[in-house]
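Enquirer:
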Amino acid sequence: MKVLLVVKTKFMESLGPMYLKSVIQHNCHHECLITDLPNAVKTAEAYQPHIVGYSIMTGDREKFQAIDMAIKELSIRIRQPIITMVGGPDPTFFPDGYGYADMIIPGEAEQALADLLHTGQVYGDLDSLPWPARDDYPGMRVRDFIASRGCTYGKCGYCYNSTWERLYPDLPKLRVRSARDVVNEIASTKPEFVYFQDSTFGLSHAWLTEFGELYKTYVGAPYHVHLRPNQVTDERASLLAGSG
Ligand code: B12
Numbered sequence: 053m054k055v056l057l058v059v060k061t062k063f064m065e066s067l068g069p070m071y072l073k074s075v076i077q078h079n080c081h082h083e084c085l086i087t088d089l090p091n092a093v094k095t096a097e098a099y100q101p102h103i104v105g106y107s108i109m110t111g112d113r114e115k116f117q118a119i120d121m122a123i124k125e126l127s128i129r130i131r132q133p134i135i136t137m138v139g140g141p142d143p144t145f146f147p148d149g150y151g152y153a154d155m156i157i158p159g160e161a162e163q164a165l166a167d168l169l170h171t172g173q174v175y176g177d178l179d180s181l182p183w184p185a186r187d188d189y190p191g192m193r194v195r196d197f198i199a200s201r202g203c204t205y206g207k208c209g210y211c212y213n214s215t216w217e218r219l220y221p222d223l224p225k226l227r228v229r230s231a232r233d234v235v236n237e238i239a240s241t242k243p244e245f246v247y248f249q250d251s252t253f254g255l256s257h258a259w260l261t262e263f264g265e266l267y268k269t270y271v272g273a274p275y276h277v278h279l280r281p282n283q284v285t286d287e288r289a290s291l292l293a294g295s296g
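When the letters of the sequence shown are read in order and numbered with this note's numbering, they come out as residues 53 to 296.
As structure tokens, this is what we get:
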């Protein structure tokens, strides 16, 4: 089975689709390719996928819908059924607009895709997931990582976490990878610059202390994190500075 994942742009890495590609390849033993909107139809024509999945943020629904029409025409032309699916924040929060797709997969999709491809349990905790597949993003100077999912500040009006918690009340508010797993992953990519996509990075001082020591020893590249203003304490600032 061949799965084509389409992102809006490849100017930077898209961790969600990269995690899904890794599960599709390593856990499910199927093929997967990540492409962007401008190249989607051309790539699909050459790759002839069985499933096409779109990763969509709010504001981009119509752009993906237009591509979906072209993919369905291609399916008729090459006489091969192509199942299309949508996922990511917009289909999760606003599924009503997605009548055009064959499937809507809301929320985190690692386990859902494994179920769809008849594979067993892949998600135990975040450390159990295979690291994101980076081979569709060769030569990037900035590499993206995520050490946690969710956030303990669940009520900020501008952020998806509050809505997410209402949709998935059984998930812990915050799930954190072990510092060792995160640093091992980063070290394996030898990045020039590291960009953490966590909503709020290093909430636990004990975690941040362990992370800082490992990071300084095994990576050392400068890095970017998101913090809430009230997280910028002297202690956290010095832990971050100490790790480089
Ligand atoms: C990186 C990022 C960006 C990057 C995007 C880079 C890129 N490659 O395209 C940049 C900086 C460009 C960006 C821009 C914006 N962003 Co932004 N961004 C993020 C951030 C911080 C991390 C995303 C990430 O890597 N998550 C980690 C991965 C593992 O999770 P995931 O992406 O959600 O993927 C999982 C599921 O969604 C699902 N999934 C994802 N794709 C697919 C595809 C298929 C087929 C399936 C089945 C499932 C699936 O499975 C994945 C694995 O579990 C998130 C916050 C967050 N912590 O998630 C906000 C977030 C996604 N952004 C948000 C917003 C609001 C924006 C902006 C509109 C901000 C602005 N005002 O300009 C813009 C424009 C977005 C656009 N339409 O283009 C909102 C999304 C809201 C929404 N309803 O879509 C978020 C959630 C933050 C928030 N404030 O709440 N963003």
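We put the beta carbon where it would ideally sit given N, CA and C, even for glycine.
Considering only residues of the same chain and omitting the five flanking positions on each side of P274, which have a CB-CB separation below 8 Å?
Expert: F245, V246, G296
Enquirer: What separation, rounded to the nearest whole angstrom, lies between the Cα atoms of E298 and A231?
Expert: Residue 298 lies beyond the range of the chain shown here (53 to 296); nothing can be said about it.
Enquirer: Pop quiz: L85 and L56 are said to be a contact at Cβ under 8 Å. What is the actual Cβ separation, rounded to whole angstroms?
Expert: 5 Å
Enquirer: Flag this pair as yes or no: are the beta carbons of L126 and E83 separated by less than 8 Å?
Expert: Taking C-beta atoms as the reference points, L126 and E83 fail to come closer than 8 Å.
Enquirer: Return helix, strand or coil for H276, following the three-state DSSP convention.
Expert: strand
Enquirer: Tell me the DSSP secondary structure of M109 in three-state form.
Expert: The answer is coil: DSSP assigns M109 none of H, G, I, E or B.
Enquirer: Contact check, V58 vs V104 under 8 Å by CB: the rounded distance?
Expert: 7 Å
Enquirer: Using 10 angstroms around the beta-carbon of A92, count the other beta-carbons present and answer buried if the total reaches 16, otherwise exposed.
Expert: buried
Enquirer: Name the two residues that bound the continuous beta strand (DSSP E) containing I42.
Expert: Look at the range of the chain in this structure, 53 to 296, and you will see that residue 42 is not part of it.
Enquirer: CB I134 to CB H170, shorter than 8 Å?
Expert: no
Enquirer: With distances taken Cα to Cα, identify the nearest neighbour of H81 among N213, G149, S251, V174.
Expert: Comparing Cα-Cα distances from H81 to each of N213, G149, S251, V174, the minimum goes to V174.
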